[in-house]
Structure formats: structure tokens, C-alpha cells
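Chains as they are written, first to last, in my numbering: chain A, 1 to 509; chain B, 1 to 323; chain C, 1 to 368.
Here a beta-carbon is modelled for each residue, glycine too, at the ideal position from N, C-alpha and C.
Worksheet for the structure shown next.
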Amino acid sequence: MTPAIELRGLEKSFGAVRANAGVDMAVPPGTIAGIVGENGAGKTTAMNVVYGMYRADAGEILIDGKAVRHDSPAEAIKHRVGMVHQHFMLVENFTVLENVVLGAEKGALLEAGLAAARTELQRLSDEYGLQVSPDARISDLPVGEQQRVEILKCLYRGARILILDEPTAVLTPQETDRLFRILKALKAQGTTVILISHKLKEIMAATDLVFVMRAGKVVAMRETPNTTREELAELMVGRKVHWQIERVKASPGAAALTVEHLSLAAGGVPLLDDVGFTLHEGEIVGIAGVSGNGQGELLEILSGILKPTGGLIRIGGREITPRHPADASEMRTLGLAHVPEDRLKYAMAGQFTAAETGMLGRQRVLPFKGPNGLIDRAAIARHCGDLMERFDVRPRRIEQLAAHFSGGNQQKLVIAREIACAPKVLLAGQPTRGVDIGAIAFIHRQLMALRDGGCAILLVSCELDEIMGLSDRILVMYGGKIVGEVAGEEADERTIGLMMANVWKGDAA
Amino acid sequence: MEDAIFQIVALLAGTLRIATPLILCAMGGVFSENAGVVDIGLEGKMLAAAFASATVASATGSPWLGLTAGILVACAMSLVHGAACITYRGNQIVSGVAINILASGLTMVFAVAWFHMGGQTPGLDNAARFLPISLPGSESLAGVPLIGPVYANLISGQTLPVYLTIALVFLTAWTLSKTRFGLRLRAVGEEPKAVDAAGISVAGLRYRAVLICGGFTGIAGTYLAIAQNANFSREMSAGQGYIALAALIFGKWKAWGAFWACILFGFLDAVAIRLQGVHIGAFAVPTQAIQAMPYLLTVLLLAGFIGKATAPKNDGVPYEKGE
Amino acid sequence: MRAREKLPAIVDLVVIPLANVVLAFLAAGLVVLAIGGNPIRAVEVMISGAFGDSEAVGYTLFYTTDYIFTGLAVAVAFHAGLFNIGGEGQAYIGGLGAGLVALALDHTGMGWLVIPVAVAAAALFGAAWAAVPAYLQAYRGSHIVITTIMFNFLASILMVYLMVNVLIGPGNMSPESRDFLSAAQLPLFSDWLDGMGISVHGSPFNVAGILAVLCGIVVWLLIWRTPWGYELRLLGFNPSAARYAGVNEKRMIIVAMCLSGALAGFVGVNEVLGVHHRLLLDYALGYGFGGIAVALMGRNHPVGIAFAALLFGALQQGGAELSFEMPQVTREMVVAIQGLVILFSGALAQMTRPWFEWPFRRRLGGEA
């Protein structure tokens, strides 16, 4: 059978980085194909080339057996390719209807096009179970519904090949199920679906066949029924993976950080709601949850970036309340260190050198601020050299700009910096995001060693495996609340998954 | 009573004349900034257009050729701004400042070199200018109370660019809200990546918006030099481009909002002119206080003390592809 | 994702900025050609006009002083990620502060007291004029570019009001204050040199020049050698990271803008206490905007700013000479050149970069 879409030798480089180094794949029509691979394997780049967002340096794209050129999304749309990006391409202050017709207006005046779109939208909603309200403003819609608008946009343009990039990253397990039902309905109507994901479980559940990408190439293709998660994981990283993290039983000590009735509201919307827990010396407490359920805000409050609107935090003999808040530098003096979830946003400035990055947050304390009040450049250089040595940051150039390091090396430098000050409490947000497999194991060992040395660690991660592998206790967050707690050794994915969706009914369920 | 009506009508007519260049620049700004390109170079484009139109009108004797020259020169400067902001992703404020300073310098350089009149261009004959147009019936209605003077001195008796300006406000508002181009334009100022993903050229839309802005400021400059005045003179735009920018913000980046803000600012200026040297008892009315109103009001509005002005989300942000 | 090629530092810091300035001057040369002048001749006239004799040098350095102040002002704000386009107004109001002190205290005859107080007043007034937009940016979220533009106009309206209605000197026809007594006049270098027996032509170059150099050194120390400067630059590069690092963003915005405004205010010292010796209208005209060109050309570094300021000072002085020698070229040519420098060194700064990237591209590609 002629493939619905075929890529031959697709290449794409960004400066010196080769994102795609000859991608070959063929997807038969009317199937759901998965693309899996580690961060940076080139999945998104390849699909952005197919959709015309980037122009390929070399290689061919064939649709229904005919070679096509996609220099812009316009041509991809003409060839009935649609793409739902990981970060939605929606105009937030437009209505659903306006977003759907944008670029497919049917004439220079809007009125007729909008009316036609309204009818068509109704038909598509009924046919595929894609309920949306056409006159709602995007900014008022929950994420799951925004995603349905994105799918509707593609269908309205007559897409026969639908690409979805990490569509489940923002969804609860239940919303994910619903999405997969929609995709199956589309497949039944003959649409070809390409699903990018790094969640192997979902790939196993939703696809007919899987392409595995590594280092810019497709390294394997498997029929989904004939493969396993373990095999796919192995193919992704190119060697055997040990999911299990070696650990000794924790021996928690005194309370290092206590949180009581903590809340945060912005414009009347509660982002954190009556959160309470205690973090003890020598234990790792993991926080599980679909991203966007308050974990980010919790870390930002605990680290002093945000002020809480209610409740209190106890750390190092200090009580922090909305009336007596502490900023990030005071939190540091209280013994707290923070590896932020979003490294580029918080933990560094691209135009700073590695040496300057290594002192970030401690710019006003010894040894960086010398006795004369000026910056001690020699101390900074020494310190950064030490950090790079201990965490094997490459290249070892302290004068290189932070932006010019790879993501993994930036992350290692940040973690090294935060661990180096021997914190009593460490907030670790997505500590291994964007880091290669070898370094992940190294970072996990460092965190365990820190715990065994008596540090209290609060771990936030969207990798459930990481949470379950490292944590002594697991808290589950949903809608800004802590909705469940499980001991580390008793944790199972199903229970945590139901808690993450807030449908766990306790042991009776 | 008669006299009061006459005074008020004269004041309103003055308001309209003063507001015209403001409205034109502000409408240009509506296009540019709704598409995501901040334009603090309205002033410079207007000044350059004033010089170009006065020069061409004096050389050819035709106001229409003058208008064409004004529009062309302002559009050329818009293209420079577009190249800097859209193609080379430069700082849009810096680019606008450059355009203003460049216009201020070059108009003088060329004016002095070509005309040797200390920076002025030669005075224009009436044939080379846009003159007030008397609408039919203004004579016969003159005797009717209220309607007569309003019709004769406010509605009739304006120059062609004034009428054109009013039409352009309607056109701007209609284009933005009712047409495909308007929808795309607003989308590209809010969320350019959505426009890109929809298969529409972000750069193409923004260049079109910037060029329209150039056209509008070109008409504004032409109005200054060959309708309101009869030649170009040094710095004749006198900060009106900045007032238009303030009006654009005061009108919350909407066509009608900006229009009424321009009328308000024009009215304040007209009042200030009338009150110059007027004493109430022994107290001289400080016209500076009225002149300062547009700036003060804009500052207060931006600070959120009177309503809230929110710019298009990606106004001033260069678009770069990628995650 | 468009990865910019990594270029050797010398190309990034010296070659490209220089190429941009050269482009600006080539464009200016074209303008001179277009009005029938000879650009080479124009350059010769300008150089001799700016450096030909001690009087010319004095004037050049006098203008340079103004440009250093406003260039530093723009640069300090820029490092904090703020575009201070209000240098015009801050310089203007700074001069008002200096002038008020001079008018109030010059009769004491104690120059050692009057001048430092007047200088401090200039800084204070300039800082205050910048503090309001800074406060509104920090606490009310108003866009500082727009607010500072508005404050330029407000400064100008305020000065007209004060000069016409309040400060006008007795018996003056034009809106100018009475002349300051000698206690409030800054010493001129030409007088000092005369006093030492070195004969030079008189020029307005005065001790404010020393103040400018000191300001440059202090700004350099503050920004690159203190934790405060580290935090300022962090805020400019990445405001979120600044909050993560415990920087009080609001206070930093206000302090940075006050420093910026104070530096701009020193233009008032150079002009009002240095030359005019009275308060008048429009003495600061053009220096605020010129400072943007100077800061852009000098890459926001005091050393670069000093060179750029010298160039603009020379242009200003040489441009005056030019308009005598070549009547078809007016002084406003200097303004046009400023515009071109802002355009090519600022707005179009990325245009020339690809021209210098290609020789390095293959080598970098080979590393991947």
C-alpha cells in the first residue's frame, strides 16, 4: 500500500547542531503511528519540517507517493497535513470560531466565512465527539478544550494527516483516554495520525506502529502489538536501562521544613489551596501530579520567588507568612537551595559566563563578595572550576557564555551550584529534564547521597518513574491541593494516576 | 447667544483641524501596533512627508503630486523601520528613535541645501495647496440658527485631507473588525506563531501594516505642509507624532478609541490657543497646564489610574520561529 | 531556534560594531554627495574644525562632556533592561536644580559650597524626574519608554512655565533668569591654563569634564565589579532569574533609573553652571537623544561611550565649522549622522552579522 506520508533522508541543522541527520519513515494510511525518542532526538524538528515550519536542508517528503515541498505551513495545509503543536498556536483573546477560520477565511470579508465555519464546526463536533463552544474566548477555556480547538482547526482545513506533538503532557490520564478515543474515531474515518510522545505507556496504548528516533535518525520501526515498553526504552537510549535506583532505607530526622495551610490566589483564582506537609532531614518527598496543578507555584513560594497569600512556612527557626514574607536571598540564608523546574527561565542568564552563573543567588555573600564590597573574581573562577570538575560539566571553560553550553551541561552546572552550598533543604524541580541518560543516573546518585547526608529534599517531576524511584514518600497534587499521600515503597502507578486525576476513592475503590 | 454659538463652532472647527494630523498618525499606529510593530517614529515620518510634499508641490505646483511624494517618502521610511524590526529583529524603539532623529536632521539638511531659506521651503500658491472646500448649501443655510453656523463653519469649509481623514477612520475600524486582513492583522500582533502555523506569512502581514502606517503618516505630513500651512518649516511636526502615539495608547489601540482621544487632545490644544493671554481677574490662565493634559492623561492611564490600557500581546516583540 | 553562529569575541565586540558605524558614515557621505558637497572635503573641514586649534579642541571636549553624561545615563538603564528615552527631560530638569541652587546661594560668594550643592541638586532633580516613570514602571506596570517620552514633554512645558512666569530675570525680554554671580560659575580649563602661563584660546570646556570622567569610572566599577551591578545586569538579561537570585526588582528599577536620571542631570551642570551662567530654555536640546546614539555605539561600556562621545562632540563642533566652510551643509548634518548611527548600530545591528559569519561557518559546521 502507498504510504500516506513518507520521509526519505530528511536532514535539518540549526547552526552547528544537527537535529535531523537523515530521517526515513513511511506511515501507511489510516493508521496511528507513534514517534518516540529522548529529548533532542529530533522528533519535533522532523515533524515541523513536514508541516513546513522549518525548511529541510536535504531529503524528500512524499504524500500519497508524490514528492512535495513544504516551504511554509500553507503548502502543508494544501496537502492536507495538520499539526497540533505542544505549545498551542491559538490567539488567546480570539473566540474559538475566529481561531478556527484564521488562515481559512473563505473570502476577503469575514461574515460569510464565520457563518460557514460555525455549521462545519457543529458537524465535526458531532462526528468525532469534539465538543467546544464556538463563541468562547480561548483564554477562558481549560487546556483540554484548547487542544480540541487545535484538532478542530486541522480538521476544518481538511487534514488527512494529523500530527500531534506531546499532546498528553498537559492532560490528566482521563483526558488522555478521551483524546485517544477521538484519535481512534479519526482513524476509523481514514485519517492518518502521527503521535509524538516520550511516554511509552501511552504509545503502547494508542498506536498501531512505532518509530524510534535517536540522535536525529529513525533507528527502528516496530508494530505496536509485537513490542514492549522495555524494548522501546532500550532502543531509545541505545543500551539497557536500569529503572531501579539503588537506595538504602531512609532514616528521617527532625523536621526541616513545615508547611501549614499554605495558599496562593491570583485574581480570585486559587492556585494553591490549603497545602500542608512536613519535610524531614534525610528524606526525599516526591510530588506527583499533571503539570500545572500547583507544583510550580509551590516551589516558587517555598523558594521565595512568590509570596503566599495564606498559611505559613517554617524553616530554620523562621516563620514565613504573607505578612512576613521572605525573598529568595533570605530563603537561601535559611539553608534552602533550589533547582528550578524551568532552568532557562530562573536558574541562569544566557549572557552570563559560566563563572557568573556559578555564583547566581549568592552574589552578596562570601566568598564572592569580597571584604572591600567588590566582587572577588578569583574566588568566583575557582568556585566555578570546582563545580565543573565535580559534575563533569563540558566544556570546562569558565568564561564561556551559559547559553553556549548544551542543555544537559547547563543543568549539571545549576545542580552543582545548588548542591555545593550544603543546603539543609533542597527543592528539586525536574532535576533531570533535558539531561542525557548517563547524567540522569549520576544526578540521581547525587540526590540520594545528599539525602543520606541529612538533607531534606522536595522533588517535583513529571516523570512518575523518577518520583517513584527516588521518593521515600509521595504527595499527589491536583487543582492546587494535596489530594493523596503514599509511602514510597507502596506506590503503584494506577493509584497515583487516579489520584492525579482526583478520582481516587480511597481503598474502597 | 449667537456669539456663543459662533465661538463654540469656531472652537470645534479648530479642534478638527488640529486633530487631523493626530488622527492620521494614530490610525497608522493602529495598523502598525495591532500587527505587533511598535512605532514611535510617527513623528519623523510625518515630518519627512511634510518636507517632501512641500518640496514637490512647490516644484510642480500640484498638491496631488505633493501628496504622492509625501506618502512615498513616509512609506520608504516605514520600509526602513520594517527592515529593522521585522527582517533583522532589531529593537523597535531604537529604530523609531533613529527615524525621528534622521528625519529631523535630513529635512533640515536638504531644505537648507536646496532652498537656502534657513530651513524653510518656498511659500506655496493656492493652486499648489489643498484649500478649504465649501460644501453646497453652506451659503443658503447660513441664516438658519444653530444648524447654519455648524454646517457652514464646521462641516463645510474644511480641506480635503480633513474629509479624507474622517473616511479613513471608518475604513480603519471596518478593516480591523470585518475583514480577513483585519483578523489576520490582529492575530499577528497577539500571537504571531499562530499566524505562522496557519500558513500565513508573519513578515508579509507586518510589512503591509507598516506600509499602511507609512501611507497614513504621509498624508498627515502633507496636510501639515500644504493644507494647514503653505510651506515646510523647521520641526513643523512639533511633537504631534508623539501626541498621536499617546492618543493611540489612550484609545487602547482601537480605531475609534484613538479617534476620540485625538479629538480630546485636539480640543485641549484649541482651548489652550484661545486662552493664551486671557486673564480671569488678575489671574493669567496658565495655558501650559492645558498643554500638559495629553501627556499627563496618558501617564495616568498607563499607570492604571483611569481605566487600563493593554497593548496587543506581542506588540514590540520580534517574531522568531521555533520553540 | 535559529542558532547564531558563535564568532570570535574580537569580531563580535569590535569588527561588527565598527562596520556598522562605517556604514552609517558612508550613508552620511552619500547625503553630502546628494546635496552637491564633497564628502572627503567635508571630513577634512570637520576634523580641522574639531581639533584644529585649542579653542576647537575645547569646544569639542565641552560637547563630549554632555554626551558622556547622557551616554552613561542610557547605558546604566540599558543594563537593567530599561530603555530610558527621557534623557532630554532629565537633563533639562537637572539644569533647573543646579540653576535654582545657584540663584539662591551665589550671593554668598562661597564657590566651594555653592558648586557642590548645585551639582548635587542637578543629580537630585534629574533623578527625581526619572524616578516617577521608574516608580510607575515598577509598581504600576506602565511602559517606561512611553512614560519617559511623556516626561520629556512635561519637562519642556514646565520649564516654559517657570521661565516665563517665575524665573525670568528682572528687566529681561526673553525668558531667561538673571546671570549667576561668579561663585556659581564652574572654572574653565582655559582660565586655569592661562593662570599657569599657558596661552590658549578661551573655550567653554570646564571642570564638569572631570566629573564626566569620574562618572565613567564609577559606573564601570558599579556595574562590573560590585554585587549590585551583577544584580543589575542579571535583571537586564533575565528578570525571572533576578527574582530567583533574590533581587528586589522594583527597588532595582527605581535605583537604576535614578542613577540614570542623575547622570543625565549633570548635562545641566555642564551647560548651566559651565557656560550659560543663567537659566534659559532648551539648553539640553538633543543631548538626551544623542546619548542613545552614544550608548549604542559605545556598546554600553564606559570606555566605548567615552570614544563615541568624543566622536559626537567632534562632529558637533566640526559640523558648526562645516556650515561656515561649505554653506550648503548645515549643522543639522550632525543630527542626521546621529540618526544614521542609531539606525545602523542599533536597529539594524543584526544586518551585518551574516556578512561576518560565513568565513567561520564551515569550521563550526565541522565541529558537529
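Tell whether a beta-carbon distance below 9 Å holds between residue i and residue j.
i: C:Ala28; j: C:Leu222; result: no
i: A:Val210; j: A:Val81; result: no
i: B:Leu24; j: B:Tyr242; result: no
i: A:Ala501; j: A:Ile419; result: no
i: C:Ile305; j: C:Leu72; result: yes
i: A:Leu164; j: A:Ile194; result: yes
i: A:Ala74; j: A:Gly52; result: yes
i: C:Pro204; j: C:Phe51; result: no
i: B:Ala303; j: C:Arg140; result: yes
i: A:Thr228; j: A:Met204; result: yes
i: B:Leu22; j: C:Met150; result: no
i: A:Ala456; j: A:Leu257; result: yes
i: C:Tyr244; j: A:Ala347; result: yes
i: A:Thr543; j: A:Ser197; result: In the structure as shown, chain A begins at 1 and stops at 509. Residue 543 of chain A is therefore absent and cannot be evaluated.
i: A:Gly310; j: A:His261; result: yes
Looking only at C-alpha atoms, which of the options sits nearest to residue i?
i: B:Ala98; options: C:Ala128, C:Arg299, C:Ile337; result: C:Ile337
i: B:Leu185; options: B:Arg206, B:Asp196, B:Ala167; result: B:Arg206
i: A:Leu272; options: A:Met25, A:Ala487, A:Lys481; result: A:Lys481
i: B:Ala128; options: B:Phe305, B:Gly221, B:Leu65; result: B:Leu65
i: A:Cys462; options: A:Arg390, A:Gly316, A:Arg451, A:Gly296; result: A:Gly296
i: A:Val339; options: A:Leu360, A:Met89, A:Gly253, A:Ile138; result: A:Leu360
i: C:Phe237; options: C:Arg41, C:Phe25, C:His79, C:Ala19; result: C:His79
i: A:Tyr54; options: B:Val38, B:Asp196, B:Trp260, B:Leu160; result: B:Asp196
i: A:Leu306; options: A:Glu341, A:Val290, A:Leu264; result: A:Leu264
i: B:Gly105; options: B:Gly257, B:Lys45, B:Gly182, B:Phe265; result: B:Lys45
i: A:Gly469; options: A:Arg247, A:Gly158, A:Glu145, A:Arg382; result: A:Arg247
i: B:Glu191; options: A:Gly129, A:Met89, A:Tyr51; result: A:Met89
i: B:Ile147; options: B:Val9, B:Thr20, B:Gly277; result: B:Val9
Which value, in whole angstroms, describes the spacing of the CA atoms of residue i and residue j?
i: B:Val162; j: B:Phe130; result: 10 Å
i: A:Pro29; j: A:Ile151; result: 18 Å
i: B:Ile40; j: C:Pro39; result: 31 Å
i: A:Thr353; j: C:Ala241; result: 14 Å
i: C:Phe356; j: A:Gly268; result: 53 Å
i: B:Ala69; j: B:Ala49; result: 7 Å
i: A:Leu200; j: A:Arg69; result: 32 Å
i: C:Ile115; j: C:Leu186; result: 7 Å
i: C:Ala3; j: C:Ala262; result: Residue placement at C:Ala3 is flagged as unreliable, the pLDDT there being 42, under the threshold of 50; the coordinate-derived value follows with that caveat. C:Ala3 and C:Ala262: Cα-Cα distance of roughly 39 Å.
i: B:Leu16; j: B:Ser58; result: 26 Å
i: B:Lys321; j: B:Thr222; result: 39 Å
i: A:Ala188; j: A:Phe14; result: 38 Å
i: A:Ala508; j: A:Thr495; result: The predicted position of A:Ala508 is uncertain, since its pLDDT is 40 and thus under 50; a value taken from the coordinates is nonetheless stated next. Cα to Cα, A:Ala508 sits roughly 12 Å from A:Thr495.
i: A:Pro225; j: A:Asp208; result: 7 Å
i: B:Leu248; j: C:Tyr230; result: 37 Å
i: B:Met293; j: B:Phe181; result: 35 Å
i: C:Ala368; j: A:Arg417; result: Annotation note: pLDDT 30 at C:Ala368 (below 50); position unreliable, no value reported.
i: B:Gly118; j: C:Ser174; result: 22 Å
Throw me the rounded Cβ distance for the residue i and residue j pair, which I believe falls under 8 Å.
i: C:Gly254; j: C:Ala134; result: With the sequence shown as reference, residue 254 of chain C is identified as Ile, and Gly is not the correct amino acid for it. About 5 Å; that satisfies the 8 Å criterion.
i: A:Asp57; j: A:Glu11; result: 5 Å
i: C:Ile85; j: C:Val132; result: At roughly 14 Å, the Cβ-Cβ gap does not stay under 8 Å, so C:Ile85 and C:Val132 are not in contact.
i: C:Leu235; j: C:Val247; result: 6 Å
i: A:Pro252; j: A:Gly276; result: About 17 Å; that fails the 8 Å criterion.
i: C:Phe289; j: B:Ile101; result: 6 Å
i: C:Val269; j: C:Val119; result: 5 Å
* Starting from the N-terminal side, write out each stretch of the beta strand (DSSP E) that is 3 residues or longer and does not extend beyond the segment 130 to 156 of chain B. => none
* **Start-end ranges of the beta strand (DSSP E) lying completely within the segment 122 to 166 of chain A, minimum 3 residues** => Every unbroken stretch of the beta strand (DSSP E) spanning 3 or more residues and falling wholly within the segment 122 to 166 of chain A is given here in chain order: 161 to 165.
* Using Cβ-Cβ distances below 7 Å, what residues of the segment 19 to 35 of chain C are close to chain D? -> Any reference to chain D falls outside this structure, whose protein chains are A, B and C.
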